[in-house]
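First to last, the sequence lines map onto chains A and S.
Taking our numbering, I'd label the letters of the first sequence as residues 62 to 403.
Taking our numbering, I'd label the letters of the second sequence as residues 62 to 403.
Protein chains: 2
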Amino acid sequence: MTDIQTTRIVLAARPEGRPKPSDFRTETQALKAPQDGQVLLETLYLSLDPYMRGRMNEGESYAPPMALGDVMVGGTVSRVVESRYPNLKAGDVVLSAAGWQTHAVVDGKGLRKLDPDAAPPSTALHVLGMTGFTAYSGLLTIGQPKEGETVVVAAASGPVGSMVGQIARIRGARVVGIAGGADKCAYVVDELGFDAAVDHRAPDFAKQLAQACPDGIDVYFENVGGPVWDAVQPLLNLYARIPVCGLVAHYNDKDVAEGPDRLPAMMGTVLKKSLTIRGFIMSELMEEQMPAFLKDVTGWIAEGRVRWREDMVEGLENAPDAFIGLLEGKNFGKVVVKVADL
Amino acid sequence: MTDIQTTRIVLAARPEGRPKPSDFRTETQALKAPQDGQVLLETLYLSLDPYMRGRMNEGESYAPPMALGDVMVGGTVSRVVESRYPNLKAGDVVLSAAGWQTHAVVDGKGLRKLDPDAAPPSTALHVLGMTGFTAYSGLLTIGQPKEGETVVVAAASGPVGSMVGQIARIRGARVVGIAGGADKCAYVVDELGFDAAVDHRAPDFAKQLAQACPDGIDVYFENVGGPVWDAVQPLLNLYARIPVCGLVAHYNDKDVAEGPDRLPAMMGTVLKKSLTIRGFIMSELMEEQMPAFLKDVTGWIAEGRVRWREDMVEGLENAPDAFIGLLEGKNFGKVVVKVADL
């Protein structure tokens, strides 16, 4: 089990605005054999997510930035090839954070062993993983939708948005999704069971959203940022809750945004409507809510109440292009890179 | 008890931006004698508060707008002249909302009888009234300062800010006030016992604020809006709480604000710092917290732990000018109009 090599994609340059292929570099590197407590993993699936764009920047964020030359971060579903960790054996499938590479040697502690019979292992990267947990914990802890209330979520066909809507429906709320294009809108209503969907590319988007929310908006799950907010703001009801878990529209922002300054109007609405705006990252809620999340969502999957769509990319070498496309909204469903066969 | 007249100040015109004297008109009107359940009141003290500016506008706010010709709204300390309400008698001093006028006939129900021995009656318009309750409920419910945390409040010498700071100190927080001018800053530290004060008119205000908050900011009590936010935002700690109870800097805003657009940066900070921003008006917390507030603050007054400063204006006829000055920050302490002798 020596001479194991990993093919990996590293951060070659910090992107200015939108990342380009030359910001990534593919390398091959030898791996040391696992020590006591460690395992050698082979990556099966790699998750691509918008937060990775923030980690490519130099500045402060909610997680430390990557250094130039670091392997790109990312959650993976991996197979144990060799184990020197007591609770895992070769052949086990685990949830890891091995990043954009084919193999990795990591500590066995902290890996979540997956049950391929309960759900397809790649779901650990979305509905049963970080994005599902982000939706579940943010919606239920901060959004707190009540039966009959109206929940609006943007990027509704995406991994977080699709779960936010489905969980809100299960809790008895009326759910309106915002998505880009007729295909995604149809998917959100027909496949995911949302009550309505509105295309944010429509010229009369704000009017359509108002019509889809005749009783106003009680929960707006903010996971995109950008101009959608301007259509949502006037519809918010008194005491509306706004969990903020991502601002993909701004991840590429470099400079100060052009005017007009929308902050005073926004703070005015916060005051007039007694709004709650709460930023969160799922890690702060993990310890408290992960067990309930896994139990609830695994059950909902078994009952057929939660559906998902994967946008499967074949081959690690295609990860950079897929990631650039993800930031532009080109994907349809959760982007998963298939690195090796299960 | 017939032929009672009230001299009152009504909304003559809706201000565009900053109110001017001609937006107000003084009238004299006959009052009908009180019916069963009603009392005739004589106004002793009238409270002037920034929220009144919002009520002069036509548009939607958290309370319905006044109509043209309506008496200006406002809290008052009044003496009962004639009572047809069982629980009140002539000579009683009550907290009412009689507005900008010398006399009023109102329902006895809902009036709070004041005890002139426990505290001077005019305090029912500030530390033991709406502004004190706003500070108390917003700070403790939303801000939730913990011992040793840093609390920052703007308009620190004003009626809400001064109470926010004093209550936060009582709860063991380090308190930094922001005020306009050396006099107010000295007052906040020397008289109110804040740990530090920073003059927002200083050219290096942001730098001074950073120096006054070496451990960052855990609670920012937002009651002004405007450029102070830009200095506060970079200092906010992870999980900081921001109760928003007033935006006096924007009450005169007519149009869309000039750029740059500060909203994307603000939402980015909400996300990176897991901030909680919560607008509130005191009425939503009143039922739950008013008894605790009255008990706590009356006790703190008796112990000398809460201090205040009144900016007393003599005569109802001077209310419009005093109100215009209040919106410009010209007052020093809580603005109270003395309408008649106690």
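Yeah, the Cβ is synthetic: ideal placement off N, Cα and C, and Gly gets one too.
At a cut-off of 8 Å between beta-carbon atoms, alanine 318 (chain S) makes contact with chain A.
Rounded to whole angstroms, the Cβ separation of methionine 327 (chain A) and glutamine 294 (chain A) is 7 Å, and the two are in contact under 8 Å. For arginine 86 (chain A), the enclosing beta strand (DSSP E) begins and ends at 85 to 91. DSSP places glutamine 66 (chain A) in the uninterrupted beta strand (DSSP E) bounded by 66 to 72. For aspartate 153 (chain A), the three-state secondary structure derived from DSSP is coil. Every unbroken stretch of the beta strand (DSSP E) spanning 3 or more residues and falling wholly within the segment 333 to 397 of chain A is given here in chain order: 337 to 340, 371 to 375.
Between the C-alpha atoms of valine 331 (chain A) and alanine 124 (chain S) there is a straight-line separation of about 14 Å.
Residue environment: arginine 262 (chain S) is assigned as exposed (fewer than 16 neighbouring CB atoms within 10 Å of its CB, all protein chains considered).
For glutamate 208 (chain A), same chain residues with a beta-carbon under 8 Å away, outside a window of 5 residues either side, are Arg232, Gly233, Ala234 in chain order.
Judged by beta-carbon spacing, valine 142 (chain A) lies beyond the 8 Å limit of leucine 149 (chain A), meaning their Cβ atoms are not closer than that value.
The three-state secondary structure of glutamine 99 (chain A), taken from DSSP, is strand. Leaving aside the five residues that flank serine 335 (chain A) on each side, the residues in its chain whose CB is nearer than 8 Å to its CB run, in chain order, Leu299, Tyr300. Annotation for phenylalanine 282 (chain A): the continuous beta strand (DSSP E) segment containing it runs 278 to 282. One thing to note: lysine 395 (chain S) has its Cβ within 8 Å of the Cβ of histidine 187 (chain S). Contact between the segment 334 to 354 of chain A and the segment 180 to 199 of chain A is present, with at least three C-beta pairs closer than 8 Å. Using a CB distance cut-off of 8 Å, serine 139 (chain S) does not count as an interface residue toward chain A.
In the DSSP assignment, valine 142 (chain S) forms no beta bridge with any residue. Between isoleucine 278 (chain A) and valine 213 (chain A) the beta-carbon gap is near 5 Å, inside 8 Å, which marks them as a contact. One finds Ala318, Glu319, Gly320, Pro321, Asp322, Arg323 in chain A with Cβ atoms closer than 7 Å to the Cβ of aspartate 322 (chain S), taken in chain order. The C-alpha of phenylalanine 255 (chain S) lies about 35 Å from the C-alpha of glycine 171 (chain S). Minimum Cα-Cα distance from proline 80 (chain S) among the listed residues S:Gly340, S:Met117, S:Tyr146 corresponds to S:Met117. Scanning the segment 209 to 245 of chain A for uninterrupted alpha helix (DSSP H) segments of 4 residues or longer gives 220 to 231, listed from N- to C-terminal end. Cα atoms of proline 182 (chain A) and proline 76 (chain A): separation of roughly 32 Å, rounded to the nearest angstrom.
Counting the other CB atoms within 10 Å of its CB gives threonine 89 (chain S) a total below 16, which places it among the exposed residues.
Assigned with DSSP and collapsed to three states, glutamine 162 (chain A) falls in strand. Sixteen is the threshold: when 16 or more other Cβ atoms of the shown chains lie within 10 Å of the Cβ of alanine 257 (chain S), as they do, the residue is buried. Lysine 81 (chain S) sits in coil when the DSSP states are folded into three classes, being neither helix nor strand.
Valine 331 (chain S) has a beta carbon lying within less than 8 Å of a beta carbon in chain A. Per DSSP, aspartate 256 (chain S) has no beta-bridge partner at all. Residue-level contact by beta carbon holds for lysine 334 (chain S) and chain A, with a gap shorter than 8 Å. By the beta-carbon neighbour count (other beta carbons within 10 angstroms, threshold 16), alanine 353 (chain A) is exposed. Note on geometry: alpha-carbon atoms of leucine 102 (chain A) and alanine 380 (chain A) lie some 19 Å from one another. Exposure of lysine 174 (chain S) is indicated by the presence of fewer than 16 other C-beta atoms within 10 angstroms of its C-beta.
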